[in-house]
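For what it's worth, my numbering labels the leading residue of the sequence shown as 178, then goes sequentially.
Virtual Cβ for every residue (Gly too), placed ideally from N, Cα, C.
Heads up: the structure comes next, in structure tokens.
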Amino acid sequence: MDKILIRGGTPLKGAVHVRGAKNAALPLMAASIMAEAPCTLHNMPCLHDVFTMDKLLSNMGMEIEFTGRYMTLTPAGLTSPEAPYELVRKMRASFFVLGPLLARFGRARVSLPGGCAIGTRPVDIHLKGLEALGARICIESGYVVAEGALQGANYALDFPSVGATENLLMAACRAKGVTRLTNVAREPEIEDIAHFLNGMGAQISGAGTDMITIVGVDSLGGAEHVVMPDRIEAGTFLCAAVATRGDVTVFNANADHLPAFLDKLRETGAEIDVHGSRIRAAAPNGIKAVDIATRPYPGFATDLQAQVMAMLCCAEGVSHIKETVFENRFMQAAELIRMGADISLDGNTAIVRGVPRLSGAPIMASDLRASASLVIAGLMADQGATAIARVYHIDRGYERIEERLAALGASIERVRE
Ligand code: UD1
Numbered sequence: 178m179d180k181i182l183i184r185g186g187t188p189l190k191g192a193v194h195v196r197g198a199k200n201a202a203l204p205l206m207a208a209s210i211m212a213e214a215p216c217t218l219h220n221m222p223c224l225h226d227v228f229t230m231d232k233l234l235s236n237m238g239m240e241i242e243f244t245g246r247y248m249t250l251t252p253a254g255l256t257s258p259e260a261p262y263e264l265v266r267k268m269r270a271s272f273f274v275l276g277p278l279l280a281r282f283g284r285a286r287v288s289l290p291g292g293c294a295i296g297t298r299p300v301d302i303h304l305k306g307l308e309a310l311g312a313r314i315c316i317e318s319g320y321v322v323a324e325g326a327l328q329g330a331n332y333a334l335d336f337p338s339v340g341a342t343e344n345l346l347m348a349a350c351r352a353k354g355v356t357r358l359t360n361v362a363r364e365p366e367i368e369d370i371a372h373f374l375n376g377m378g379a380q381i382s383g384a385g386t387d388m389i390t391i392v393g394v395d396s397l398g399g400a401e402h403v404v405m406p407d408r409i410e411a412g413t414f415l416c417a418a419v420a421t422r423g424d425v426t427v428f429n430a431n432a433d434h435l436p437a438f439l440d441k442l443r444e445t446g447a448e449i450d451v452h453g454s455r456i457r458a459a460a461p462n463g464i465k466a467v468d469i470a471t472r473p474y475p476g477f478a479t480d481l482q483a484q485v486m487a488m489l490c491c492a493e494g495v496s497h498i499k500e501t502v503f504e505n506r507f508m509q510a511a512e513l514i515r516m517g518a519d520i521s522l523d524g525n526t527a528i529v530r531g532v533p534r535l536s537g538a539p540i541m542a543s544d545l546r547a548s549a550s551l552v553i554a555g556l557m558a559d560q561g562a563t564a565i566a567r568v569y570h571i572d573r574g575y576e577r578i579e580e581r582l583a584a585l586g587a588s589i590e591r592v593r594e
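Right under this line is the structure:
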């Protein structure tokens with residue numbers, strides 16, 4: 178298994194291009210199941226999770242060509258509305274195929290994803306919503322078996338789950354009549370998917386607000402779409418810049434997608450400049466502690482909480498970080514403490530007391546965003562080297578991260594074992 182070796186202490190300097198958003202690319206690929214002609218996605222990121230979705234769809238008979246930054250998905254040969262456990266257990270986002278499969282075939286058999294490192298992550302909201310649209314659902318041997326012709330309905334989600342909103346939005350496009358979904362997630366990725374689906378001929382309005390209306394249509398055609406920039410990747414590079422007292426400009430980003438995060442960075446005393454699709458962050462004199470609570474969009478993204486925790490380890494003062502979206506998302510804390518951080522946990526709040534420095538250590542990644550947090554800590558540590566094991570977690574969501582950080586002046590390399 179690969180390791181990432183870092184000798185920290187160098188302020189990151191320069192510019193980096195953000196890739197297309199993983200959390201948009203995966204449901205966009207799933208949405209193409211409903212098309213009756215080929216779809217092309219531009220600005221696709223080259224990530225393990227994208228390869229896993231590629232395998233899952235190919236297994237169902239989708240023809241996929243993935244060349245450089247664009248992907249063509251031809252659904253003509255789709256025959257099998259089934260997502261097997263072997264693939265779904267690798268990536269929860271595989272569950273996004275449930276709504277599109279049901280809409281296209283009138284039936285689907287999709288493995289339940291099970292828990293993961295950051296929490297139990299149930300799918301009850303997805304299932305209740307599909308039942309509200311008329312699906313008959315049962316659980317058989319670890320699989321969700323769903324059947325039935327979908328009918329438009331009014332449905333209020335118990336919680337604005339991103340995945341449930343996406344599954345229901347996609348399914349409702351082919352339901353008979355009008356669907357009104359309320360208390361939905363407002364994440365920018367939902368708007369991106371709605372754009373793509375409308376390009377295919379769907380009639381969706383309200384994406385990006387807490388109520389989405391979908392007028393069902395009989396068929397959907399092909400479409401061409403440019404995947405939105407990855408706001409979490411942009412945020413991760415900006416955190417790394419501030420954490421190392423560096424000065425980095427992120428290109429091809431959208432500052433409007435990072436409102437709460439950029440406000441918090443400014444509150445630390447970091448310099449933040451936005452010019453069009455460029456965001457620059459600099460913190461030559463270090464930063465002050467801040468308090469953060471994760472919330473559904475437009476609140477502070479839970480997917481940036483771990484990276485910000487690393488960044489705050491050497492801030493002046495005491496920071497409180499409250500995680501309200503997932504129940505177990507402080508996996509990085511124990512590893513940061515091994516590097517000299519002063520962090521104590523109290524339920525869903527982490528108290529981070531700033532220390533003057535971190536030191537390098539052998540550490541282990543536990544999930545995608547926790548591993549990004551450990552990379553940032555490694556870049557901050559100005560004594561000794563950091564060796565991060567289980568870096569396959571980071572490859573799920575960041576494309577060649579070590580090469581891109583090295584281009585910003587970091588001493589970082591991947592060691593293949
Ligand atoms: C998506 C993102 C993930 C991000 C998360 C929250 C993708 C591929 N992944 O995950 O990176 O961290 O949004 O911004 O887009 N819940 C239920 N029942 C359900 C569904 C969710 O209780 O049926 C709970 C979850 O356990 C969790 C919370 O709701 O505590 C948020 O989950 P959700 O918004 O669904 O996250 P995902 O769509 O899985």
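Which of the three DSSP states is assigned to G186 in this structure?
Residue state, collapsed to three classes: coil.
If you follow the beta strand (DSSP E) that H372 is in, where does it begin and where does it stop?
Taken as a continuous stretch (DSSP letters only), H372 belongs to no beta strand (DSSP E), being part of the alpha helix (DSSP H) at 365 to 376.
Just to confirm the assignment: which complete beta strand (DSSP E) runs, minimum length 3, are found wholly within the stretch 397 to 483?
401 to 403, 424 to 428, 448 to 452, 455 to 459
Would you call the stretch 188 to 199 and the stretch 394 to 407 in contact, with 3 or more CB pairs under 8 Å?
yes
Three or more C-beta pairs under 8 Å: does that hold for the stretch 302 to 316 against the stretch 269 to 277?
yes
Does the Cβ of P539 have 16 or more other Cβ atoms within 10 Å, making it buried, or fewer, making it exposed?
Residue environment analysis places P539 among the exposed positions, since fewer than 16 neighbouring C-beta atoms fall within 10 angstroms of its C-beta.
Nearest to K180 by CA position, among L585, D572, A587, is which residue?
D572
Take L435 and list the residues in its own chain whose beta-carbon comes closer than 7 Å to its own, dropping the five residues that flank it on each side.
Closer than 7 Å at the Cβ level, and outside the excluded window around L435, lie R408, A411, G412.
With burial defined as no fewer than 16 other Cβ atoms inside 10 Å of the residue's Cβ, what is the status of P533: buried or exposed?
exposed
Could you pull the start and end residues of the alpha helix (DSSP H) that P533 belongs to?
Counting along the chain, P533 falls outside any alpha helix (DSSP H), and DSSP gives it neither H nor E.
Less than 9 Å between the beta carbons of P222 and A202, yes or no?
Pairing P222 with A202 gives a Cβ-Cβ distance under 9 Å.
Using 10 angstroms around the beta-carbon of Q380, count the other beta-carbons present and answer buried if the total reaches 16, otherwise exposed.
exposed
What did DSSP end up calling V265 once you bin it into helix, strand or coil?
helix
Which term fits Y569, buried or exposed, when burial requires 16 or more other beta carbons within 10 angstroms of its beta carbon?
Counting of Cβ neighbours within 10 angstroms places Y569 among the exposed residues, the total staying below 16.
By the 10 Å Cβ neighbour count, where 16 or more other Cβ atoms means buried, how is G555 classified, buried or exposed?
buried
On the three-pair Cβ rule with 8 Å, is the stretch 366 to 373 touching the stretch 334 to 344?
A contact is defined here as three or more CB-CB pairs under 8 Å, and the stretch 366 to 373 meets this definition with respect to the stretch 334 to 344.
Check S521 in the structure and name its three-state DSSP category.
strand
What distance in whole Å lies between the Cβ atoms of R313 and G329, which are believed to be in contact at a cut-off of 8 Å?
For a cut-off of 8 Å, the C-beta gap from G329 to R313 is around 17 Å, too long to register as a contact.
Is R269 near the ligand UD1, with its Cβ less than 8 Å from a heavy atom?
yes
From the DSSP output, which residues share a beta bridge with C315?
V322
Alpha carbon to alpha carbon, how far is N429 from G517? Give it in angstroms, no decimals.
When only Cα atoms are considered, G517 and N429 end up about 35 Å apart.
Suppose you measure from the CA of A447 to the CA of L582; what does that come to, to the nearest Å?
20 Å
With respect to 8 Å, is the separation between the Cβ of D572 and the closest non-hydrogen atom of the ligand UD1 below this value?
Distances taken from the Cβ of D572 to the heavy atoms of the ligand UD1 include none shorter than 8 Å.
In whole angstroms, what separates the C-alpha of V485 from that of C416?
6 Å
Just verifying my parser: in three-state terms, what is the DSSP assignment at Y247?
Strand, per DSSP.
Any idea what DSSP makes of L224, helix, strand or coil?
coil
Verify the contact flag: R196, CB atom, against every heavy atom of the ligand UD1, threshold strictly below 8 Å.
False, no ligand heavy atom lies under 8 Å from that Cβ.
Alpha carbon to alpha carbon, how far is F336 from D387?
11 Å
From what residue to what residue does the beta strand (DSSP E) around V495 run?
495 to 499
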